[in-house]
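Report on one structure; see the data block that follows.
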Amino acid sequence: NTKPLTTIARIGEYEGQSVTLRGWLYNLRESGKLLFPIFRDGSGTIQGIVPKAAVPAEVFEAIKGLTQESSVIVTGKVRADKRAPGGYELDVEGIEVVQRVPEDAPFPISLKEHGTDFLMEHRHLWIRTPRQAAILRIRAEIIKAARDFFDDRGFVLTDPPILTPAACEGTSTLFPVEYFGDEAYLTQSGQLYIESTALALGKVYSFGPTFRAEKSKTRRHLTEFWMVEPEVAFCDLDGLMELAEQFLSFIVDRVLTRRAADLKVIQRDTAKLEAIKAPFPRVSYDDAVAMLNDAHAKGVLEHPFEYGNDFGSPDETFISSQFDRPVMVHRYPAAVKAFYMEPDPENSKYALCVDVLAPEGYGEIIGGSQRIASYDLLKQRIEEHHLPLDAFQWYLDLRRYGSVPHSGFGMGIERAVAWVCGLDHVRETIPFARTLNRIYP
Ligand code: 4AD
Ligand code: MG
C-alpha cells in the first residue's frame, strides 16, 4: 500500500486523492449492499462509503459485521461532502483489520446512553468516544495556550516540588505521605516556591499537578488537579487583575480559533465564548454581598448571605450569572482567606486578593492575591494560623532579603476546561479524574 498516510484532521489536504488512515471502527451502519463505517483515529471521525459493487469482495466482507472498536488500517479516496460533519467522506478502497473485537465480548461502551458510574468505571474506554476525545483535545489546547501566553511574555517556567513539608492552602485538605520516617505532604499549590523563583527571576510561572484531600462531593472539586500559577515581582493587585483578564481572553480566543471543530462536536454555544474580551468587570466583596442581599430581598435567592463568610457555590453562581464575561471579585475579608495575603492598606480587615468567577454559573476558576511583603506581619500570620514556623523559615527568608511587593494567581485547568467546554462536571475534563470516592481506573 503506497497511499499517503494521514490523519482525519488533515484529510482536507488530500481531496480527490487516495490516502491511508490508521484507527478504529467507531460505528457501522449497514443497508444491504451499502456499508457506512465511521472511523476514528484520535484526531477526528470520518464516514466511509462501501458499495458492494465498487469494492473487492474481500473488502466488503471484512467490513460487513465488523465490531465496534476493531482496529483497522483503511485506504480510500477523499471526497468533499458539505453534509458531512467534518466536510469529507471516504470512498473506501481497502481495509486491513489489525484486531477484530470478538462478537461475544463486545466493546462495553455502546452507542446508547450509559450511567455516569458505568462510564467512569470504564473511563479508559470512554475517552475513545468523539465527545470525550474532543474535550481532551481542548484541554491540551488550553494548556498549550497557557504556556504560550507566559512564555511569550518573558515569564520563566519554574517547577515547584510535589513533596512538601508544609501546607499552602490550609491544613484540612493535606494529603500526608510517609517520608523516610517523617511526615510530608503532596503539594496543594506551588505558590510559596514560585514566590522564591519570582524574586530570583522576576516573572515566573509553574504548571503542574496539585492535590487536595477534598471531602466534598461537588461538580467543581477534584482531589488531584493541574494548576497554572504565575508569580510576578513588583506587581500589585491591580497589575494582577490585568494579567488575569489578558490571560483568560487569550485562552478563550485560542480555543475558538484552533479548536472550532471540537467545539462543534461537543455542541458548545460559541457566542458565549466570543463575548470573553478584556476588560472584565471588577466587583469588591462588599458590592458582591450587596448583590446577593438585593437578590434575596427581591426573592430571587432563598437564603440571606451572612456578611463576612466566603462565598459558597450557589453565591458564586448567582454573582457570575449577572455578567457575560468573567467577573473579578476582589478584597475579601482577610479572615476567610489564606495566611499569606497582603492586607489592604486602606482597611486591613480586607485582603488584597481576587477570585475570578467564570460566567454561565461556573464560579471560581482563578484565585490569587498580592503577598505579604513584611517579615513581621508574615511571621505573625503564620503563628495565628497555627502553622509550624520551622517549616516556613525559608519562606520568611524572602522577606528578610530584599522583600518586594509581589503577586500571583492560580488557575485550575479542569475548572477552565469545564467552563470553556460548557460541561456539567469537572470529571470529564481530565483523562482520569480523582475524586472523594474514585481512584479506579
Ligand atoms: O484558590 P486556590 O486554592 O488558590 C491557590 O492555591 C493559590 N495558592 C494560587 C496562587 O495564588 N498561586 O486555587 C486556585 C485555583 C482555583 O481557583 C480553582 O480553579 C482550582 O485552583 N482549584 C481546584 N480545582 C479542582 N479541584 C479542586 N479541589 C480545586 N481547588 C482549587
Ligand atoms: Mg480559591
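In the UniProt record's numbering, each residue's number is its place in the sequence shown (first place is 1) plus 15. All C-beta atoms in this analysis are idealised placements derived from N, C-alpha and C, irrespective of residue type, glycine included.
Just to confirm, are residue i and residue j a CB contact at a threshold of 7 Å?
{"i": "Gly217", "j": "Pro175", "result": "no"}
{"i": "Glu357", "j": "Gln385", "result": "yes"}
{"i": "Gly378", "j": "Thr332", "result": "yes"}
{"i": "Gly425", "j": "Gly382", "result": "yes"}
{"i": "Ile153", "j": "Val243", "result": "no"}
{"i": "Arg449", "j": "Glu239", "result": "yes"}
{"i": "Thr179", "j": "Val219", "result": "no"}
{"i": "Ser264", "j": "Ile291", "result": "yes"}
{"i": "Leu393", "j": "Arg415", "result": "no"}
{"i": "Leu207", "j": "Tyr410", "result": "yes"}
{"i": "Thr90", "j": "Lys18", "result": "yes"}
{"i": "Phe122", "j": "Val113", "result": "no"}
{"i": "Phe262", "j": "Phe164", "result": "yes"}
{"i": "Arg273", "j": "Glu156", "result": "yes"}
{"i": "Phe226", "j": "Leu255", "result": "no"}
{"i": "Ile61", "j": "Phe51", "result": "no"}
{"i": "Tyr29", "j": "Thr21", "result": "yes"}
{"i": "Tyr365", "j": "Ile387", "result": "no"}
{"i": "His345", "j": "Val315", "result": "no"}
{"i": "Arg37", "j": "Ile78", "result": "no"}
{"i": "Ile124", "j": "Leu140", "result": "yes"}
{"i": "Leu213", "j": "Glu257", "result": "Note that residue 213 is Ala in the sequence shown, not Leu. No, the Cβ-Cβ distance between Ala213 and Glu257 is not below 7 Å."}
{"i": "Lys67", "j": "Lys97", "result": "no"}
{"i": "Pro100", "j": "Asp251", "result": "no"}
{"i": "Ala303", "j": "Glu260", "result": "no"}
For residue i, I'd like the list of residues in its chain whose CB is within less than 8 Å of its CB, leaving aside the five on either flank, ordered along the chain.
{"i": "Val351", "result": "Gly323, Asn324 and Asp325"}
{"i": "Arg168", "result": "Lys218"}
{"i": "Lys127", "result": "none"}
{"i": "Asp391", "result": "none"}
{"i": "Gly57", "result": "Thr22, Gly38 and Ala148"}
{"i": "Phe75", "result": "Leu50, Val65 and Lys67"}
{"i": "Gly102", "result": "Gly27, Ala95 and Asp96"}
{"i": "Gly417", "result": "Leu214"}
{"i": "Ile266", "result": "Ile157, Ala160, Ala161, Phe164, Ala431 and Val435"}
{"i": "Asp166", "result": "Leu172"}
{"i": "Glu375", "result": "Lys287, Ser335, Ser336, Trp434 and Gly437"}
For residue i, which residues from the same chain have a beta carbon less than 7 Å from its beta carbon, with the 5 sequence-adjacent residues on both sides left out?
{"i": "Asp330", "result": "Leu307 and Phe320"}
{"i": "Val342", "result": "Phe295, Pro296, Val298, Ile334, Ser335 and Leu372"}
{"i": "Arg146", "result": "Val280 and Ile281"}
{"i": "Ser211", "result": "Leu413"}
{"i": "Arg162", "result": "Phe222"}
{"i": "Pro403", "result": "Ala181"}
{"i": "Gln337", "result": "Met306"}
{"i": "Arg234", "result": "Asp439, His440 and Val441"}
{"i": "Gly80", "result": "none"}
{"i": "Thr188", "result": "Gln203, Arg227, Ala228 and Glu229"}
{"i": "Arg138", "result": "Phe447 and Pro456"}
DSSP has residue i in a bridge; who is on the other side?
{"i": "Asn362", "result": "Asp359"}
{"i": "Pro224", "result": "Trp241"}
{"i": "Ala24", "result": "Note: Ala24 sits in no beta bridge, so no partner."}
{"i": "Val432", "result": "Answer by DSSP bridge pairing: none, since Val432 is not bridged."}
{"i": "Asn452", "result": "DSSP output for Asn452 lists no bridge partner at all."}
{"i": "Ser46", "result": "Leu49"}
{"i": "Trp39", "result": "Arg55 and Ser86"}
{"i": "Leu372", "result": "Val342 and Glu379"}
{"i": "Arg154", "result": "In the DSSP output, where bridge partners are listed per residue, Arg154 has none listed."}
{"i": "Phe424", "result": "Gly383"}
{"i": "Ile266", "result": "According to DSSP, which records beta bridges pairwise, Ile266 is partnered with nothing at all."}
{"i": "Lys232", "result": "Partner(s): none; Lys232 has no beta bridge."}
{"i": "Glu246", "result": "Val219 and Gly423"}
{"i": "Ala95", "result": "Tyr103"}
Going by beta carbon distance, what residues of the same chain come within less than 6 Å of residue i, once the five residues before and after it are set aside?
{"i": "His236", "result": "Glu229"}
{"i": "Lys92", "result": "Ser33 and Asp106"}
{"i": "Gly437", "result": "Arg283"}
{"i": "Leu451", "result": "Lys232"}
{"i": "Phe407", "result": "Ile397"}
{"i": "Ala275", "result": "none"}
Just to confirm, does residue i get its C-beta within under 6 Å of one of the non-hydrogen atoms of the ligand SAH?
{"i": "Met242", "result": "For the ligand SAH, the structure offers nothing, since it holds only the ligand 4AD and the ligand MG."}
Inter-stretch contact at 8 Å, needing at least 3 Cβ pairs: the stretch 181-194 / the stretch 290-301: Touching, no.
The stretch 81-98 contacting the stretch 37-47, beta-carbon criterion three pairs below 8 Å: Three or more Cβ pairs closer than 8 Å define a contact, and the stretch 81-98 meets that threshold against the stretch 37-47.
Counting pairs of beta carbons, one from the stretch 89-109 and one from the stretch 66-75, are three or more of them closer than 8 Å? When C-beta atoms of the stretch 89-109 are compared with those of the stretch 66-75, three or more pairs fall below 8 Å, so the two segments count as touching.
Test item, CB below 7 Å from any non-hydrogen atom of the ligand MG: In chain order, the hits are Asp370, Glu379 and Gly382.
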